[in-house]
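J.: I'd like to ask you about the structure that follows.
Numbering (mature numbering (1 follows the signal peptide of the UniProt record, and there is no 0)), first residue to last: -16 to -1, 1 to 423.
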């Protein structure tokens, strides 16, 4: 079979818009007049370059108006598909025959106009991905900040793999919306480098083994996308078993813990041996000092109300327990009652919350007139520990000042008055007699 080396060179130089690797391997031979023995290796090199660049062809063949589905059939018509497939999978003889007979230019001029013109705009993989997800400029900056070499990684991964990855999350198996998927990728872009098979295994674990709905699983991915990066056997299943069996409830009562997993999926970010089990031991300890000595039912109740107590440091917990105990002169049983009733109190900062609020209630000044004694404040906190969680400037001070202006004593008001809505509080104030009590 005879063919023109010059013609082959022209074809490759035109094709180099999106097959740059092929140019380097072939262009060095264009100035030579190879013998018959040299011709076959040259065509073989060309075929290898085309085969190695198949991903780049599929990556570059789409323009701005193409749907990001990577099948050639969605981009080209039937004749163009046949040609593209023949180029990408041609044997040496077939490739030489196609080039020699001018098949490309003669039979498929539309394809040439579309992808071989020198000024054609070829969309990069990153541009395609961002267009597919609807990523804004600000979100794109976040992705680059969180994954500095993301552009190179997207190119290496290729559109086919990325599209399969994204399509899986948009399918009924996961059921995420495009907006949810975009938020997850912006938050944790490195997830795109994870194998789809691993991601599918994790999704199967949550959807089938834990029987989470699509909405529940999607909420977990929104709050803590890194859950997909954890080992099922080394992290997910052990931590789940810890919640089910060690804390209480077991598998039969799993629905009681489902809300915990959905609300605080970062429980999976903590080691069972290094964090969760030691914290349970601390809360269960009944030794000296401010030890709580919670039994299993109390521990189950506390963790279901406030899961972050499992990963607050022991030093952090000790400082808050000491602040409550010392400031209000609480006994061990009283301290335990407060924690079991409202464990969220241990999530408040000592310096920014607890100290300021207790000083406001206890310290005498012209501003607050000595609102409560220590014994009275203790009585209020034991009745409703959430009193110390309300905003000092947004709720506590404004309501107490309003009561003082009408000569109403806070101590004689309902002990849960701070939990009233604004409308309910206003209604309560409107029916009080000015001299209802003395200050």
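We treat Cβ as the ideally placed atom computed from N, Cα and C, and that holds for glycine.
Output the distance between the C-alpha atoms of residue 123 and residue 296, rounded to the nearest integer angstrom.
T.: Rounded to the nearest angstrom, the two C-alpha atoms are 32 Å apart.
J.: With a floor of 4 residues, list each alpha helix (DSSP H) that falls wholly inside the stretch 121 to 194, ordered by position along the chain.
T.: If we require 4 residues or more, the alpha helix (DSSP H) runs fully inside the stretch 121 to 194 come out as 121 to 130, 134 to 154, 162 to 171, 180 to 188.
J.: If I'm right that residue 303 touches residue 334 with Cβ under 8 Å, what's the distance once you round it to whole angstroms?
T.: Confirmed, Cβ separation roughly 6 Å.
J.: Going straight from the alpha carbon of residue 202 to that of residue 359, what length do you get?
T.: Roughly 48 Å separates the two Cα atoms.
J.: Once DSSP output is grouped into helix, strand and coil, what is the label at residue 398?
T.: Coil at residue 398, not helix or strand.
J.: Output needed for residue 373: all residues of its chain with C-beta closer than 8 Å, excluding positions within five of it in sequence on either side, in chain order.
T.: 326, 328, 329, 332, 337.
J.: Which two residues bound the contiguous alpha helix (DSSP H) that contains residue 296?
T.: Here residue 296 belongs to no alpha helix (DSSP H), and DSSP marks it neither H nor E.
J.: Of the residues 316, 228, 347, which one's Cα is nearest the Cα of residue 278?
T.: Checking every option, the nearest Cα to that of residue 278 belongs to 316.
J.: If I measure Cβ to Cβ from residue 52 and keep anything under 6 Å in the same chain, skipping five residues before and after, which residues do I get?
T.: Per-residue confidence for residue 52 stands at a pLDDT of 41, beneath the threshold of 50, marking its modelled position as unreliable; no derived number is given.
J.: Less than 8 Å separating the beta-carbons of residue 402 and residue 385?
T.: No, the Cβ-Cβ distance between residue 402 and residue 385 is not below 8 Å.
J.: Got a sec? Which residues, its chain only, sit under 7 Å from residue 285 by beta carbon, not counting five neighbours each side?
T.: Cβ neighbours of residue 285 beyond the five flanking positions: 324.
J.: Does DSSP classify residue 319 as helix, strand or coil?
T.: Note: residue 319 maps to helix in three-state DSSP.
J.: Which of helix, strand or coil does DSSP assign to residue 328?
T.: Helix at residue 328.
J.: Taking only three categories from DSSP, how would you classify residue 279?
T.: Residue state, collapsed to three classes: coil.
J.: Can the beta-carbon of residue 208 be found less than 8 Å from the beta-carbon of residue 180?
T.: Against a cut-off of 8 Å, the Cβ pair of residue 180 and residue 208 comes out as no contact.
J.: Please state whether DSSP places residue 269 in a helix, a strand or coil.
T.: The answer is coil: DSSP assigns residue 269 none of H, G, I, E or B.
J.: So, under 8 Å CB-CB, residue 308 and residue 322 are touching, yes? Tell me the CB distance rounded to an integer number of Å.
T.: Indeed they touch by this definition, with Cβ atoms about 7 Å apart.
J.: Please check the pair residue 260 and residue 294, which I expect to be a contact at CB under 8 Å, by giving their CB distance rounded to whole angstroms.
T.: Indeed, because the Cβ distance is near 5 Å, the residues count as touching under 8 Å.
J.: Just the C-alpha distance for residue 356 and residue 287, rounded to the nearest angstrom, thanks.
T.: About 32 Å.
J.: How many whole angstroms separate the CB atoms of residue 212 and residue 183, which I take to be in contact at a CB cut-off of 8 Å?
T.: At roughly 6 Å, the Cβ-Cβ gap stays under 8 Å, so residue 212 and residue 183 are in contact.
J.: Let me know the secondary structure DSSP gives residue 116 once reduced to three states.
T.: Correct three-state label for residue 116: helix.
J.: Below 8 Å CB to CB, which residues in the same chain sit around residue 262 once its five sequence neighbours on both sides are set aside?
T.: Hits under 8 Å: 298.
J.: Give the straight-line distance between the Cα atoms of residue 135 and residue 178, rounded to the nearest whole angstrom.
T.: C-alpha separation (whole angstroms): 16 Å.
J.: Is the distance from the Cβ of residue 365 to the Cβ of residue 305 below 8 Å?
T.: Not a contact, by the Cβ cut-off of 8 Å.
J.: Shortest alpha-carbon distance to residue 245 belongs to which of 229, 291, 222, 409?
T.: Closest by alpha carbon: 291.
J.: Tell me whether residue 24 is buried or exposed, calling it buried when 16 or more other Cβ atoms sit within 10 Å of its Cβ.
T.: Reliability fails at residue 24, whose pLDDT of 38 lies under 50, so the model's placement of it is uncertain and the value that follows must be treated cautiously. Flag for residue 24 reads exposed.
J.: Would you give the residue range spanned by the alpha helix (DSSP H) that residue 362 belongs to?
T.: Start and end: 358 to 367.
J.: Over what stretch of residues does the alpha helix (DSSP H) that includes residue 222 continue unbroken?
T.: Taken as a continuous stretch (DSSP letters only), the alpha helix (DSSP H) holding residue 222 covers 221 to 225.
J.: From residue 173 to residue 186, what distance separates their C-alpha atoms?
T.: One C-alpha to the other measures close to 17 Å.
J.: Classify residue 257 as buried or exposed, calling it buried when 16 or more other Cβ atoms lie within 10 Å of its own Cβ.
T.: When all chains shown are included, residue 257 counts as exposed.
J.: Relative to the C-alpha of residue 176, which residue among 267, 137, 198, 191 is closest?
T.: For the residues 267, 137, 198, 191, the minimum Cα distance to residue 176 belongs to 137.
J.: Within the stretch 192 to 218, note down every full beta strand (DSSP E) run reaching 3 residues or more, in order along the chain.
T.: The stretch 192 to 218 contains no whole beta strand (DSSP E) run of 3 or more residues.
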